[in-house]
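In the working numbering, the protein residues as written are 1 to 242. Here's the structure, in structure tokens; my notes come after.
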Ligand code: UDP
């Protein structure tokens with residue numbers, strides 16, 4: 001069952017259910033991928049059919065931002081389970097993988113960041129195996145996929161920013177032998193300690209996006225799609241927009 005928001009179908013599942021699904025995928029050695037779209041990406045999908053298909057074909061489509069929850073509510077098809085931020089999904093999965101001696105490959109961000117994130121994650125989740133790391137500024141995806149396959153991880157974090165990471169997963173999943181890949185944006189920068197997440201106060205109020213704009217004003221242009229998204233959802237609700 002998916003909740004359709006401007007053409008993108010979201011799973012209405014809690015964090016616990018999302019982790020359960022991920023663990024099932026990993027234990028069955030399925031080849032699956034997870035995406036965590038925010039309103040910016042849903043907005044992009046309106047014009048980019050290929051991206052929309054990639055996202056809708058994902059095995060898990062998790063509602064990353066408060067904007068998605070708000071959009072679903074306005075459309076009259078609420079996401080009862082609330083939001084499942086990508087970075088929290090990754091953290092919760094690491095906590096379980098640490099207990100089961102599972103492994104992760106960290107792909108993305110500037111050179112050195114994935115190594116630093118790996119070191120931090122090993123401290124935060126003793127038992128979690130870092131199968132390998134690679135920065136996000138590579139040119140040869142075939143060689144990279146071979147390196148990832150040789151490392152044989154249970155889970156591949158793809159942090160190239162959206163929509164680059166979703167396109168990369170879709171283009172390369174056939175050559176990857178990894179049970180679960182997930183597009184997780186700037187999460188490696190946060191795990192490495194290079195970027196601070198919004199204080200819990202902002203997170204609880206669903207204002208993480210506002211904190212990011214304050215901290216990184218260059219994101220403002222990108223973030224303009226948020227009010228456009230909300231406006232469009234409202235127009236859709238009253239039957240004006242298609
Ligand atoms: N990035 C990358 N390769 C690229 C472009 C970007 O690895 O070719 C990384 C970048 O260094 C950063 C992340 O992708 O770590 C994007 O972070 P951002 O917070 O902008 O992601 P979002 O979740 O907002 O898409």
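Heads up, the beta-carbon is just placed ideally off N, CA and C, and yes, glycines get one too. Model, not experiment: these values are computed from the prediction.
From the DSSP output, in three-state form, read off residue i for me.
i           : result
residue 11  : strand
residue 1   : coil
residue 187 : helix
residue 148 : helix
residue 48  : coil
residue 251 : Lying before the first or after the last residue shown, residue 251 is absent from the chain, which here runs from 1 to 242.
residue 248 : Any question about residue 248 goes unanswered here, given that the chain covers just 1 to 242.
residue 67  : helix
residue 217 : helix
residue 84  : coil
residue 79  : coil
residue 162 : coil
residue 202 : helix
residue 116 : helix
residue 138 : coil
residue 175 : helix
residue 125 : coil
residue 111 : coil
residue 6   : coil
residue 97  : helix
residue 73  : helix
Looking only at DSSP bridge pairs, what is residue i linked to?
i           : result
residue 130 : 104
residue 156 : 105 and 181
residue 34  : 60 and 182
May I ask you to check if the CB of residue i is nearer than 7 Å to at least one heavy atom of ligand 1?
i           : result
residue 110 : yes
residue 137 : yes
residue 62  : no
residue 145 : no
residue 188 : yes
residue 160 : yes
residue 99  : no
residue 7   : no
residue 193 : no
residue 132 : no
residue 185 : yes
residue 215 : no
residue 164 : yes
Among residues of its own chain, excluding the 5 on either side of residue i, which ones have a beta-carbon nearer than 6 Å to its beta-carbon?
i           : result
residue 32  : 25, 59 and 180
residue 285 : The shown model of the chain, from 1 to 242, leaves out residue 285, and the question about it has no answer.
residue 77  : 3
residue 155 : 104 and 180
Assuming residue i and residue j form a contact by the criterion Cβ under 8 Å, report the distance between their Cβ atoms to the nearest whole angstrom.
i           : j           : result
residue 198 : residue 219 : Wrong, their Cβ atoms sit about 13 Å apart, outside the cutoff.
residue 237 : residue 75  : 6 Å
residue 175 : residue 143 : About 11 Å separates the two Cβ atoms, so there is no contact after all.
residue 61  : residue 37  : 7 Å
residue 90  : residue 19  : That belief does not hold up - the Cβ atoms of residue 90 and residue 19 are roughly 10 Å apart, past 8 Å.
I'd like the list of long-range same chain contacts for residue i, defined as Cβ closer than 8 Å, with 5 residues on each side in sequence excluded.
i           : result
residue 186 : 109, 159, 161 and 195
residue 177 : 31, 149 and 152
residue 137 : 110 and 111
residue 113 : 135, 188, 189, 192 and 194
Suppose the cutoff is 7 Å on Cβ atoms and the five residues either side in sequence are ignored; what does the same chain contact list for residue i look like?
i           : result
residue 229 : 39, 42, 43, 67 and 71
residue 173 : 31, 33 and 181
residue 23  : 96
residue 121 : 94, 128, 130 and 191
residue 7   : 45, 46 and 52
residue 166 : 35, 51, 54, 55 and 183
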